[in-house]
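Below is one structure; the comments refer to it alone.
In our numbering, the protein residues as written are 21 to 122.
Right, dumping it as structure tokens:
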């Protein structure tokens with residue numbers, strides 16, 4: 021089985037293509053990022069991708085999906101108040117042209 025870092029590009033691709041649920045998550049430095057998991061939001065341990073969206077400097081690419089971290093984490097989804105499909109922050113970035121979340 022490949023290591024988690026080798027599986028990360030495919031996991032991120034599946035999150036976007038499946039329009040997975042995402043939410044804002046605050047890190048230890050009180051900075052907000054977006055978090056997402058694959059599958060249903062059932063409380064318990066999940067492989068989690070922490071990311072933000074940033075303007076791309078590459079031709080033909082509008083949005084960069086920047087992974088800050090990826091790890092296995094226990095989530096209690098009773099504490100995750102606002103959830104969106106992953107396409108929502110991508111659209112927000114595309115039209116407002118600033119880092120998401122701010």
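Don't be surprised by glycine CBs; every beta carbon is placed ideally from N, CA and C.
Here the structure is a predicted model, which is why all the values come from computation and not from measurement.
Item, Value
"Residue 63 beta carbon less than 8 Å from that of residue 35", "no"
"Buried or exposed by the 16-neighbour rule on C-beta atoms within 10 Å, applied to residue 26", "exposed"
"Local conformation of residue 75 per DSSP, three classes", "strand"
"Backbone secondary structure at residue 106 - three-state DSSP", "coil"
"Stretch pair the stretch 65-74 + the stretch 99-106: three plus CB contacts closer than 8 Å", "no"
"Of the listed residues 49, 85, 45, 91, nearest to residue 66 (C-alpha basis)", "91"
"Straight-line gap, residue 59 to residue 40 (C-alpha atoms, nearest Å)", "7 Å"
"Separation of residue 120 from residue 93, as counted between CA atoms", "22 Å"
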